[in-house]
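Trainee:
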Amino acid sequence: MVNIKAENEIPEMQQQIIEKLKKILTDLYSESGTDLNEKEIRLQENKNKEHGDYASNIAMVIAKDLSEDPKIVAKRISNNFPIDDQIIKVEVAGPGFINFFIAASTHGEVLNLIDSKKASYGRSDDSMGKVLIEYVSSNPTGPLHVGHGRGAVFGSVLAKLLTVVGYEVDEEYYVNDYGRQMNILAVSVWVRYLQISHKDLAMTPKGYQGDYVKSIAKDLKKEEKEKYLLNENNHKKIIKILSKQEEESDIDLLISFMREVLNKGSLEIRSFSLDKMLKIIKSDLKSFGVEHNLWFFESSLHKEQKTKKSDTDEAISLLQSEGFVYEEEGAMWFKSSDFRDDKDRVLKRSNGEHTYFSSDVAYHYDKYKRSYDRIINVWGSDHHGYLPRVNAAMKAIGMDVNKLEVVFIQFVNLLRNGEKIPMSTRSGEFITLKELVDEVTAEAARFFYINRKSDQHLDFDLSLAKEQSKDNPLYYVQYAHARICSVFKKHESVSKDIPTNPDTSLLTSEKEIEIQKLLATYPAVLERAAKLSEPHLICYYLKDLATLFHSYYNNEKFLIEDEKLMSARIFLLKGIKQVIFNGLEILGINSPEQM
RNA sequence: GCCCCGUUAGCUCAGCCGGAUAGAGCGCUGGAUUCCUAAUCCAGAGGCCAUAGGUUCAAAUCCUGUACGGGGCACCA
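This is the structure we're talking about:
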């Protein structure tokens, strides 16, 4: 028996060849003492047409065990290989490849398949299970900037891709609404709010500087009027506090002051700010084509109920009961170094506050409890040092770490005219995602982002993307679609229907065969992209397909006298159009009918 | 110091589940439009796939070392 990968991504013709090879090998060599079980037969598609359509390397793989010349083994196998109407020639070449030549007329099967499956061509009927993709999850302390855009597109495209190959997908945004950063946002909003009535007030340099803070403050003023203004005495006090904001920690004085004079009011401002911020983020994401169906709040992990501890404390207890928690210098530590982390990590600080990490232990535990088959985190690559401790915690409480996959998204360098634009969230010097989308359109931005492997640095040249010129490969792909639509319009105008069942065996030119073969690999491309979490493969596939089409277009005329041939060609175009459409749909990009 | 990621054409990058001559776009040179959209196509020039070893019938692809570049190593989030 020979081990065969019975994956549905293998097209039927290849499957057939593999089956036949398998039988021949069993017939010839099962008595030879060679363990054929370990050998896997794989067919590669040949780049060079002179080598036929497919090739197998099996002879070279088993030759050593047989202590025979691979060429002789290959010859023996090929001599035994049955030739028929579809597989018209088998030959041995090079160091021992067995090349298979397929009848030109058989490539058209894929066109009928596409025509019958339409938008679902490439989709899998398999049920792959449930997957959670957590992505973006940017702190709600400012609008999304161009760096977040990359993770946003990646996550949303991966979500769509996994859906297409058969997963049930949840898309989640984890909202860090619990820590100190939220207080800094609240206090920044408050100061801006006070400034509206008191021009003499300075903004703290340690707060968030962006204009969005002013706009939230304005909304606060509009909705709550004078509610959070100060009396004269407190006004003097705050001026004093604001006058010395030098150390990073000085803003904490401001935060405690706010809490002191406003009491509940400070919480109200905080939740007001959070609310506004999330609205902004959601709307930015939406106009970028990104929509999460789940929003998970960090604060929910810290809610205590009468009968039960908070989820965070619960998670810590779990670690404790497994014996991986200890106290030192007043802090509570997790012994993550027992699980291949560099050092132990603090769960609860000596001041009694939980760390972000402790939330994350609880958060990930929660993800596991929701029983997903795959849990995917899309993180900025600056967090890669963070993974070992999360893994450690999950291992410590007995979770299956293999279920958790983390994809790291490398940084985006924003360039304008080749010059790097410096960015910093706190100082307010950043280009927001919204600004980017307004400049270059959501679609162009999406394609630009996803066109690159995620673990690679991306130089996003604004001036280039703005040009909307031929340099942008998106237009190249879309143009192919539009061109086909245009041909169809012309075709219809001489009152002809698009054929449904033409004779595809007429499509035997080099280009036509090449296109049909490429169309046939589309499902495999999706499957591979999904398996590796590499959606950029779809971009490259679509560019390849568009290239072939444009070349074909310039080479051959479609609307011709010979009606049979014309029908076949139109049918081929129909297949190309459908696959471009399907692929772009996964990327969240429109397929225009005209450009 | 430790840990990730990278190094492929002049530039920006694909390819990396090992396979036969290493690809694309841009740029450069030269061509194609009475004809379905020239946002297109065709041809040409351009490569010791960073480097040194190893594994293999076969290495850009897998393993190890080195150099160079980017990032990360908090009782921050």
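Take the first sequence: its position 347, counting from 1, is numbered 328 in the numbering used here, and each next residue is one higher.
Even glycine gets a Cβ: it sits at the ideal position worked out from N, Cα and C.
For clarity, every value in this text was computed on a predicted model and none was experimentally measured.
Ordered along the chain, which non-local residues of its own chain (more than five positions away) have a Cβ less than 7 Å from that of E574?
Mentor: Along the first sequence, read from residue 1 onward, the residue named residue 574 stands at position 593. Cβ within range, chain order: A463 and C466.
Trainee: Grouping DSSP H, G and I as helix and E and B as strand, with all else coil, what is R57?
Mentor: Along the first sequence, read from residue 1 onward, the residue named residue 57 stands at position 76. In this structure, R57 counts as helix in the three-state DSSP scheme.
Trainee: May I have the straight-line CA-CA distance separating I541 from E473, to the nearest angstrom?
Mentor: In the first sequence, residue 541 corresponds to position 560, counting from 1. In the first sequence, residue 473 corresponds to position 492, counting from 1. Between I541 and E473, the C-alpha separation is close to 13 Å.
Trainee: Can you find at least 3 beta carbon pairs, one from the stretch 353 to 365 and one from the stretch 291 to 310, that sit closer than 8 Å?
Mentor: No, because fewer than three Cβ pairs between the stretch 353 to 365 and the stretch 291 to 310 fall closer than 8 Å, the two stretches do not touch.
Trainee: Counting along the chain, where does the alpha helix (DSSP H) carrying E249 start and finish?
Mentor: In the first sequence, residue 249 corresponds to position 268, counting from 1. Looking at the DSSP string, the run of the alpha helix (DSSP H) that includes E249 is K245 to K267.
Trainee: Return the CA-CA distance between D256 and G270, expressed in angstroms with no decimal places.
Mentor: Indexing the first sequence from 1 puts residue 256 at position 275. Indexing the first sequence from 1 puts residue 270 at position 289. Going from the Cα of D256 to the Cα of G270 covers about 21 Å.
Trainee: For the beta strand (DSSP E) containing M313, name the first residue and the last one.
Mentor: The residue you call residue 313 lines up with position 332 of the first sequence. First-last of the beta strand (DSSP E) with M313: A312 to F315.
Trainee: Can you tell me which of the three DSSP states V475 falls into?
Mentor: Here residue 475 corresponds to residue number 494 of the first sequence, with the count starting at 1. Three-state result, V475: coil.
Trainee: Less than 8 Å between the C-beta atoms of Y533 and I561, yes or no?
Mentor: Here the question's residue 533 lines up with position 552 in the first sequence. Here the question's residue 561 lines up with position 580 in the first sequence. Not a contact, by the Cβ cut-off of 8 Å.
Trainee: I need the boundaries of the alpha helix (DSSP H) containing V42, first residue and last residue.
Mentor: Counted from its first residue, the first sequence places residue 42 at position 61. Segment I39 to L47, the alpha helix (DSSP H) holding V42.
Trainee: Between which two residues does the beta strand (DSSP E) holding D442 run?
Mentor: The residue given as residue 442 occupies position 461 in the first sequence. Unbroken beta strand (DSSP E) run through D442: L439 to D442.
Trainee: Across which residues does DSSP place Y307 in a beta bridge pair?
Mentor: Translated into positions along the first sequence, residue 307 becomes position 326. Looking at the DSSP assignment, Y307 forms a beta bridge with W314.
Trainee: Within the same chain, show all residues whose beta-carbon is closer than 6 Å to that of A44, passing over the 5 residues directly before and after it, in chain order.
Mentor: Looking up residue 44 in the first sequence gives position 63. Only P51 and V54 meet the Cβ criterion.
Trainee: Taking A133 as part of the beta strand (DSSP E), name the residues at either end of that continuous run.
Mentor: For the purposes of this step, residue 133 is taken as the residue at position 152 of the first sequence. Careful: A133 lies outside any beta strand (DSSP E), inside the alpha helix (DSSP H) at V127 to V145.
Trainee: Along the alpha helix (DSSP H) that carries K492, what are the first and last residues, could you check?
Mentor: Here residue 492 corresponds to residue number 511 of the first sequence, with the count starting at 1. From DSSP, the alpha helix (DSSP H) with K492 extends over E491 to L513.
Trainee: E80 by DSSP, collapsed to three states: which one?
Mentor: The residue given as residue 80 occupies position 99 in the first sequence. Sequence inspection shows Asn at residue 80; the Glu mentioned does not correspond to that position. Three-state result, N80: strand.
Trainee: Does the stretch 128 to 135 come close enough to the stretch 423 to 433 that 3 or more CB-CB pairs lie under 8 Å?
Mentor: Flag = yes, the stretch 423 to 433 and the stretch 128 to 135 touch.
Trainee: If you follow the beta strand (DSSP E) that F338 is part of, which residue opens it and which one closes it?
Mentor: Start at 1 with the first residue of the first sequence, and residue 338 comes out as number 357. From DSSP, F338 is part of no beta strand (DSSP E) but of the alpha helix (DSSP H) over Y337 to K350.
Trainee: Specify, as a first and last residue, the run of the alpha helix (DSSP H) that E420 falls within.
Mentor: On the first sequence, residue 420 is found 439 positions in, with the first residue counted as 1. Per DSSP, E420 belongs to the alpha helix (DSSP H) from L414 to V421.
Trainee: List the endpoints of the continuous alpha helix (DSSP H) containing R397.
Mentor: On the first sequence, residue 397 is found 416 positions in, with the first residue counted as 1. Looking at the DSSP string, R397 is not in any alpha helix (DSSP H); the run it does join, the beta strand (DSSP E), is V393 to R397.
Trainee: In the DSSP assignment, the alpha helix (DSSP H) including F530 goes from what residue to what residue?
Mentor: Indexing the first sequence from 1 puts residue 530 at position 549. Here the alpha helix (DSSP H) through F530 covers H517 to N536.
Trainee: So the alpha helix (DSSP H) Q301 belongs to, where does it begin and stop?
Mentor: Numbered from 1 along the first sequence, position 320 holds the residue referred to as residue 301. Looking at the DSSP string, the run of the alpha helix (DSSP H) that includes Q301 is D292 to S302.
Trainee: For the beta strand (DSSP E) that A74 lies in, which residues bound it at each end?
Mentor: As a position in the first sequence, residue 74 is number 93, starting the count at 1. Counting along the chain, the beta strand (DSSP E) containing A74 begins and ends at I68 to A74.
Trainee: Count the other C-beta atoms from every protein chain shown that fall within 10 angstroms of the C-beta of H273, then say buried if there are 16 or more, exposed otherwise.
Mentor: For this step, residue 273 is matched to residue 292 along the first sequence. With 16 or more Cβ atoms within 10 Å of its Cβ, H273 is classed as buried.
Trainee: Kindly indicate which three-state DSSP category A198 falls into: helix, strand or coil?
Mentor: On the first sequence, residue 198 is found 217 positions in, with the first residue counted as 1. A198: helix per DSSP, three-state reduction.
Trainee: Give the single residue among N482, V172, L500 and K70 whose Cα lies nearest to the Cα of M547.
Mentor: Locating residue 547 in the first sequence gives position 566, counting from the first residue. Per the Cα distances, N482.
Trainee: Quick one: grab the DSSP three-state call for L328.
Mentor: Locating residue 328 in the first sequence gives position 347, where the first residue counts as 1. Residue state, collapsed to three classes: strand.
Trainee: Select from I165, Y193, N212 and D265 the residue whose C-alpha is nearest the C-alpha of S178.
Mentor: By 1-based counting over the first sequence, the position of residue 178 is 197. That would be N212, whose Cα lies nearest to the Cα of S178.
Trainee: In three-state DSSP terms, what is I402?
Mentor: Here residue 402 refers to the residue found at position 421 of the first sequence. In this structure, I402 counts as coil in the three-state DSSP scheme.
Trainee: Which residues in the same chain have their Cβ closer than 7 Å to the Cβ of Q559, if we skip the five residues on either side of it in sequence?
Mentor: Along the first sequence, one-based indexing puts residue 559 at 578. Closer than 7 Å at the Cβ level, and outside the excluded window around Q559, lie I95, K99 and Y102.
Trainee: Pick helix, strand or coil for A446, following the three-state DSSP scheme.
Mentor: For this step, residue 446 is matched to residue 465 along the first sequence. If DSSP states are grouped into helix, strand and coil, A446 belongs with the helices.
Trainee: Excluding sequence positions up to five away, which residues of its chain have a Cβ less than 6 Å from the Cβ of H365?
Mentor: Position 384 of the first sequence, counted from the first residue, corresponds to residue 365. Only F389 meet the Cβ criterion.
Trainee: Could you give the distance in angstroms between the alpha-carbon of K329 and the alpha-carbon of F238?
Mentor: Taking the first residue of the first sequence as position 1, residue 329 is located at position 348. Taking the first residue of the first sequence as position 1, residue 238 is located at position 257. Distance between the alpha carbons of K329 and F238 is about 25 Å.
Trainee: Leaving out the 5 sequence neighbours to the left and right, which residues in its chain are closer than 6 Å to E152 when beta-carbon positions are compared?
Mentor: Taking the first residue of the first sequence as position 1, residue 152 is located at position 171. So the list reads I114, A140, H273 and N274, once near-sequence residues are dropped.
Trainee: Compute the distance between the beta-carbons of Y457 and M576, then report whether it is under 8 Å.
Mentor: Position 476 of the first sequence, counting from 1, holds the residue named residue 457. Position 595 of the first sequence, counting from 1, holds the residue named residue 576. No, the pair does not count as a contact, with Cβ atoms beyond the cut-off.
Trainee: Considering N93, what are the terminal residues of the beta strand (DSSP E) in which it resides?
Mentor: By one-based count along the first sequence, residue 93 stands at place 112. N93 -> not in any beta strand (DSSP E); alpha helix (DSSP H) instead, spanning E90 to K98.
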